[in-house]
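Enquirer:
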Amino acid sequence: MGLDTLDYAVLVTLALAVSAYFTKGSLWAIEDNGFNVTNSSRDIVEVAKSNNKDYIVFYGSQTGTAEDYANKFAKELKAKFKLNVIVADLEDYDFENLNELNIPVSFFISTYGEGDYPDSATGFESHLETLESGDLENFKYTIFGLGNTTYEFYNAAAEKTVKALEQANATLYGEFGKGDDGAGTLDEDYLSWKESTLELLKTKLSLNEFDSEFEPSLILNRLSKSEIDNEKIFLGEPDRSYLNSSVDLSLGPFDHAHPYLAPISSSKELFNSKDRSCIHLEFDLSQTNLRYSTGDHVAVWPSNSDEKLHSFLKITNLYNDKDQIIDLKPLDSTVTIPFPTPSTVETIFRHYKEISGPVSRQILSTLKQFAPTPKAKSKAERLSKDKVAFAEEIHSEKYDLAEVLSLLSDGETWNISLEFLIESISNLQPRYYSISSSSLSDKTNIHITAVVESESFKDRKITGVTTNLLKNIQLAQNKSSTEPELHYDLVGPRNKFGPLPYKLPIHVRRSTFRLPSNSSIPVILIGPGTGVAPFRGFIRDRFKLAEQGDADKFGKMLLFYGSRSSTEDFLYEDEWKEYSKALGSSFELITAFSRETKEKIYVQHKVKERKEEILELINKGAFIYVCGDAARMAKDVNNTLVDILAEGKNISKDEAHEILRTFKTLNKYQEDVW
Ligand code: FMN
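Residue numbers 0 to 673, in numbering that gives the first Met the number 0, belong to the letters of the sequence shown in order.
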């Protein structure tokens, strides 16, 4: 993100005014309600002592999953052993005096990029690098890493943590837990690690076990309209500054705690298909100092659809209570309020909670205490204990929470404590998209390219939250007569998000997915489907540079693109011709349309067809980029490249694999896969 001097001056001034954004809500409480003594201290030993804590659960999370599991684990420690637990973001503390902690710690750490720590845990990583033998000989910990086996460096951040702690003579309690998102077993991996870890902690710490009843960490107050000024109630505003008319919302810094409300300047349908849809959408940055670089990701902050909200509020018997104003106070100063409050029941479940995601087996064991009938209770009990039955009857059926509740109670409504729903359902997280525009060509516009998730499954449709919101906006903005599958509150809180131009909260996440700065280096780009998004940005970069007459100096750009057919889902078909004209022989598009031939043809087949040229480009120092499906495509492409190298260089497959691994560490082989 390029910021000029003026931007920095503005940032400094604004940093003071908006420091509350970085506290993720803990300061909101102080400011408005006067009940929360916020921990300004970064000294974890002092914070734990002064709050009488007897256990710490730390998390390092990029998109909220590790944070979720950390919270779940802490809840179990509280319910089962009545421990006084603090859940803490690794970002919020320093670690110099860890060895003075006389209470145990659990870590939940995910891995990002090429085996990296999440952004929020890089300070922790730096501290680990300074540790020496004996530094942590009093320190006791457990650890659960979150990763994905389709990536080369599986659970690398948690691995690095264990290694560093081991070298410093810390004591690992129990086994090093690893959860695999790639195999879809994250939840079960966690549950089996948790079961053995809790047993072990019980013995090691001589803990008494109690019946696991839900114990809230928040105090919930229902307020009447006369008790609170209407202007202070959050109706879906992303953070406090949105309620403060003196804050200029066009000025950053923008991040995961403070998004920019970006106008959508245009949107269109890219597919020519009756039942599939892909949206091209452009965010206008001309009125803000938010900037990006080609290859970055943009986070879009979604809300839930009317349909999902309605079925959730109905089954939880909250529908008639949807306008109830809710205020939340933390039980102690180490607890953070997960979203801005006071708010309303409807707002909480429309804007701040993930109500349509998959259901965890664990939640059923606590939910059963709220079951409306003995039958529902015993069903919940059975499914919470029986891993196989849960996998067959719930997980593989892709039910969301409202559907599970309805299934358990045969449609009868549940009366679940609001505290439980608020604390047990994950927070709605921003969704990340690879930016498909170029910061050179489109400095004040961010383009995204998103396939609308809508899968026919038995007699239901499984739908994505954000992509259907984008579709709803696209149809409304273009005044289409087509009815969207899901309807959203497009005008948003206090009509801030619409109507025309519709707006959505966004922030930019910097990535390392970049073209080599030397444009004479050849590049091989492999991006089927919406995996082509960042490559459109790369090519638009070169297209812009070509206007300055540099095209003849460019290294070769080979773009492998694939989709089902040349007539239905060929993304940006017309644009490639235009780029070809400007870039001449430096750019070539190679297509693989899988459903136009008897044998299915994918990008990896096309890569293989061009093996001599690929080898020649690699020998000339080409950079390789892969974007799109992690589980199959990226693996198949990797295997194809291994074959090409092994055959071309007359080496073993292991040696070829090692070369590609080295390329990855040198950033010469980069993946942006999901
Ligand atoms: N998992 C790994 O084991 N190794 C990786 O190198 C890795 N890189 C990732 C890169 C991206 C862009 C994404 C989206 C995921 C990656 N993962 C990797 C998987 C995540 O660690 C996993 O999905 C985890 O559950 C995310 O947890 P979080 O939401 O707390 O960050």
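By construction, the Cβ of each residue, glycine as well, lies at the ideal position given by its N, Cα and C atoms.
#1: Ile505 and Val625 look like a contact to me (Cβ under 8 Å); what is the Cβ gap, rounded to whole Å?
#2: What is the C-beta distance between Ser272 and Asp568, in whole angstroms, given that I count them as a contact (C-beta under 8 Å)?
#3: Taking buried to mean at least 16 other C-beta atoms within 10 Å of its own C-beta, is Asn70 buried or exposed?
#4: For the candidate residues Tyr291, Leu614, His604, Tyr351, whose alpha-carbon lies nearest to that of Ala507?
#5: Does the stretch 247-254 come close enough to the stretch 282-290 that 3 or more CB-CB pairs lie under 8 Å?
#6: Can you tell me where the alpha helix (DSSP H) holding His279 begins and where it ends?
#7: Would you check if the stretch 238-246 and the stretch 101-120 touch, i.e. whether three or more CB-CB distances between them fall below 8 Å?
#8: Pick from Pro337, Ser342, Ser332: whose alpha carbon is nearest that of Asp320?
#9: I want to know whether the stretch 428-448 touches the stretch 396-404 - three or more CB-CB distances under 8 Å.
#10: On the criterion of 16 or more Cβ atoms from any shown chain inside 10 Å, does Ser519 qualify as buried, or is it exposed?
#11: In three-state terms, what does DSSP make of Asn35?
#12: If the criterion is Cβ atoms closer than 8 Å, does the pair Leu280 and Ile447 meet it?
#13: Looking at C-alpha atoms only, which residue of Leu366, Lys378, Leu407 is the closest neighbour of Ile424?
#14: Considering just the uninterrupted stretch of the beta strand (DSSP E) at Tyr431, what are its terminal residues?
#15: Is Asn316 a contact residue of ligand 1, with contact defined as CB to any heavy atom under 7 Å?
#16: What is the C-beta distance between Val490 and Ser355, in whole angstroms, given that I count them as a contact (C-beta under 8 Å)?
#17: Express the C-alpha separation of Pro492 and Thr346 in angstroms, rounding to a whole number.
#18: Roughly how many whole angstroms lie between the Cα atoms of Ile314 and Ser416?
#19: Helix, strand or coil: how does DSSP classify Gln368 here?
#20: Please report the straight-line C-alpha distance between Leu582 and Lys543, rounded to a whole angstrom.
#21: For Arg563, which of helix, strand or coil comes out of DSSP?
#22: Please list the terminal residues of the continuous beta strand (DSSP E) segment that includes Gly627.
#23: Give the DSSP bridge partners of Ser591, in chain order.
#24: Can you find the residues in the same chain that come closer than 7 Å, C-beta to C-beta, to Pro301, ignoring five residues on each side of it along the sequence?
#25: Can you tell me whether Phe456 is buried or exposed? The criterion is at least 16 other CB atoms within 10 Å of its CB, across all chains shown.
#26: So the candidates are Phe622, Leu485, Glu396, Leu312; which of them puts its Cα closest to the Cα of Asp458?
#27: Under the DSSP definition of a beta bridge, which residues are partnered with Lys177?
#28: Report the partner residues of Phe57 according to the DSSP bridge assignment.
#29: DSSP puts His446 in a beta bridge; with which residues?
#30: What residue does the alpha helix (DSSP H) around Tyr68 start on, and which one ends it?
#31: Can you tell me whether DSSP reads Ile600 as helix, strand or coil?
#32: Go ahead and pull the three-state DSSP assignment for Asn666.
#33: Hey, could you find the ends of the beta strand (DSSP E) Tyr259 is sitting in?
#34: Can you find a C-beta in chain D that's less than 8 Å from the C-beta of Pro339?
#35: Per DSSP, what kind of secondary structure is Asp186 in: helix, strand or coil?
Expert: By the coordinates alone:
#1: That belief does not hold up - the Cβ atoms of Ile505 and Val625 are roughly 25 Å apart, past 8 Å.
#2: 6 Å
#3: Buried: at least 16 other Cβ atoms inside 10 Å.
#4: Reading the sequence as shown, one finds Val at residue 507 and not Ala. Selected option, being the one with the closest Cα: Tyr291.
#5: yes
#6: That residue, His279, is in no alpha helix (DSSP H); its beta strand (DSSP E) goes 277-283.
#7: no
#8: Ser342
#9: The stretch 428-448, when compared against the stretch 396-404, does not touch it at the 8 Å Cβ threshold.
#10: exposed
#11: Model confidence at Asn35 stands at a pLDDT of 32, short of 50, so the residue's coordinates are unreliable; what they give is reported in the following sentence. Coil.
#12: yes
#13: Taking Ile424 as reference, the option from Leu366, Lys378, Leu407 with the minimal CA-CA separation is Leu366.
#14: 430-433
#15: no
#16: Actually they do not touch by this definition, with Cβ atoms about 21 Å apart.
#17: 9 Å
#18: 13 Å
#19: helix
#20: Looking at the two C-alpha atoms, the distance is approximately 10 Å.
#21: coil
#22: 622-627
#23: The identity of residue 591 in the sequence shown is Ala, whereas the question assumes Ser. In the DSSP output, where bridge partners are listed per residue, Ala591 has Gly561.
#24: Leaving aside the five residues that flank Pro301 on each side, the residues in its chain whose CB is nearer than 7 Å to its CB run, in chain order, Leu427, Arg430, Val464, Thr465, Leu468.
#25: exposed
#26: Per the Cα distances, Glu396.
#27: Assignment of beta-bridge partners to Lys177 by DSSP yields Gly144.
#28: Partner(s): Ala87, Phe106.
#29: Glu281
#30: Start and end: 64-80.
#31: coil
#32: coil
#33: Note, Tyr259: beta strand (DSSP E), 259-268.
#34: Protein chains in the displayed structure number just one, and chain D is not present.
#35: Residue state, collapsed to three classes: helix.
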